[in-house]
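S.K.: Residues in the sequence shown are numbered consecutively from 35, following this note's numbering.
Take a look at this one; I'll ask things after.
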Amino acid sequence: MEIGFLQSSDSRCPISETSAKKFAKLGVHILIETGLGKQLQIELESLDKVSDKSRDEILSSADIVYSSDPLEASELTKLKQNAVLVSFYAPFNADNKVDSLNGHNIHVFSMDMIPRTTLAQSMDVLSSMASIAGYKAVLTAAQKLPRYFPMLMTAAGTVKPATVLILGAGVAGLQAIATAKRLGAKVEAFDVRKAVKEEVEGLGAKFIEVEGSIDNKDAGGYAVEQTEDFKRKQSEKIAERVANADVVITTAQLRGRPAPTLVTKEMVDEMKFGSVIIDLAASTGGNCALTEGETTIDYNGIQIVGDSHLENKAIIDASALLSNNIYNYTKQFFKEDSVQIDLENEIIAKSRIYTHETSA
Ligand code: NAD
């Protein structure tokens with residue numbers, strides 16, 4: 035049994051010394067694309083059962099190929115018959131590359147489709163990365179804000195604490211709340227899912243209430259589109275809180291749809307000089323109307339940072355968590371010295387996005 039790891043467009047390493055040793059214990063041979071691990075100065079190829087190979091060698095021989103990026107059509111043809119490809123295809127996004135898989139004699143699994151269940155937590159890359167992004171969002175804001183976060187009583191006078199507003203209290207938002215609290219800021223948070231109120235308050239932040247939101251229990255915990263009446267009420271409330279905030283961190287996403295615009299230009303016009311907005315939803319259009327993709331802009335003295343990949347600012351921990359998630363997920367395919375696809379296993383079944391048997 036062989037599992038191959040390909041280089042990707044980001045700097046994270048999908049296999050660690052720890053996960054390599056665990057694969058080796060299962061009797062799995064690990065193929066790493068030449069150079070993988072060098073970004074973290076780890077010598078993976080010196081470990082037991084790890085071999086350094088070219089990209090083409092891995093594509094044509096591994097039973098399971100892991101690639102953080104979807105493969106190009108020309109590379110799909112190089113995979114061996116019935117190979118398992120594990121990647122991130124975001125099939126819920128309109129511009130996904132799932133159609134490019136058609137006709138290939140392979141089985142493809144997308145780790146962003148792993149259900150958000152207790153059983154799957156140890157494989158949930160989205161959560162691992164969102165948590166790091168939420169943490170780094172606060173540190174980025176603290177660096178950029180021309181103020182302190184905590185309240186300070188000094189001989190020269192009292193410094194008021196910064197107010198941090200978090201929009202969207204999912205995995206990233208909750209980690210941002212906890213981090214901002216630890217730095218001594220006053221924290222407020224808003225989410226359309228009322229279920230998170232208790233979690234927000236448990237972290238010591240104030241939950242901003244807007245009546246009339248819709249929760250859909252069938253949406254797997256994800257937020258759903260809201261009514262126009264709710265959006266108007268929400269917008270009025272957010273406008274008031276944005277004007278009062280020193281830092282706004284936005285994390286609101288709608289699976290498969292553009293991110294909702296929560297912070298309008300008019301709201302930013304009312305913000306104080308020096309305020310900072312960190313928009314983690316930049317890659318899906320942004321939660322702030324003024325966000326310019328994955329860049330940082332200065333709008334009349336207000337810094338607006340678009341960045342949906344802040345986990346890449348912590349590549350050591352991001353790589354460690356990513357490699358653990360991949361090991362926990364892919365080990366389910368190794369059964370009795372062969373690779374098996376167990377569709378009775380809900381995690382495997384729900385994350386399968388393509389198989390040649392269903393492509394006819
Ligand atoms: P996400 O990245 O899809 O969205 C981030 C947050 O933005 C969510 O909390 C969402 O409700 C919120 N949001 C969306 N539209 C909004 C709007 N208009 N205004 C304000 N907020 C808005 O979410 P996520 O962090 O990936 O989490 C998705 C769900 O999965 C959550 O219910 C989370 O608790 C759950 N989850 C469960 C597990 C598990 O049990 N294993 C693991 C991770 C996440």
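Note that the Cβ used here is the ideal one computed from N, Cα and C, for glycine as well.
CB-CB under 7 Å to Ser181, same chain, minus the five flanking residues each way: which ones, in chain order?
M.R.: Here residue 181 turns out to be Arg, not Ser, going by the sequence shown. Once the five neighbours on either side are set aside, the close Cβ partners of Arg181 are Ala196, Asp280, Gly308.
S.K.: In whole angstroms, what is the alpha-carbon distance linking Arg89 and His141?
M.R.: For the pair Arg89 and His141, the Cα-to-Cα distance works out to about 19 Å.
S.K.: By the three-class DSSP mapping on this structure, what secondary structure does Glu91 have?
M.R.: Taken through DSSP and simplified to helix, strand or coil, Glu91 comes out as helix.
S.K.: Should Phe307 be listed as close to ligand 1, given that the test is whether its C-beta is under 8 Å from any heavy atom?
M.R.: no
S.K.: Any heavy atom of ligand 1 inside 8 Å of the beta-carbon of Arg289?
M.R.: yes
S.K.: Taking the DSSP output, what are the residues bridged to Arg386?
M.R.: Phe143
S.K.: Counting pairs of Cβ atoms below 8 Å between the segment 151 to 164 and the segment 129 to 136, do you hit three or more?
M.R.: Remark: fewer than three beta-carbon pairs, one from each stretch, lie closer than 8 Å, so the segment 151 to 164 and the segment 129 to 136 are not flagged as touching.
S.K.: In angstroms, rounded to a whole number, what distance separates the CA positions of Glu391 and Asn116?
M.R.: 10 Å
S.K.: Less than 9 Å between the C-beta atoms of Ser161 and Val205, yes or no?
M.R.: A contact, by the Cβ cut-off of 9 Å.
S.K.: On the three-state DSSP scale, how would you describe Ile381?
M.R.: helix
S.K.: Assign Gly46 to one of two classes, buried (16 or more other C-beta atoms within 10 Å of its C-beta) or exposed (fewer than that).
M.R.: Going by the sequence as given, residue 46 is Arg instead of Gly. Residue burial annotation: Arg46 is buried, with at least 16 other C-beta atoms found within 10 angstroms of its C-beta.
S.K.: Following a CB-centred definition, is Val276 positioned closer than 8 Å to any heavy atom of ligand 1?
M.R.: No heavy atom of ligand 1 is found nearer than 8 Å to the CB of Val276.
S.K.: Does DSSP put Ser372 in a helix, a strand or coil?
M.R.: strand
S.K.: Would you be able to state if there are at least three C-beta pairs under 8 Å between the segment 170 to 178 and the segment 333 to 345?
M.R.: yes
S.K.: Looking only at DSSP bridge pairs, what is Leu119 linked to?
M.R.: DSSP, once it has assigned bridges, lists Val99, Val142 as partnering Leu119.
S.K.: Three Cβ pairs or more, each shorter than 8 Å: is that satisfied between the segment 296 to 306 and the segment 319 to 330?
M.R.: yes
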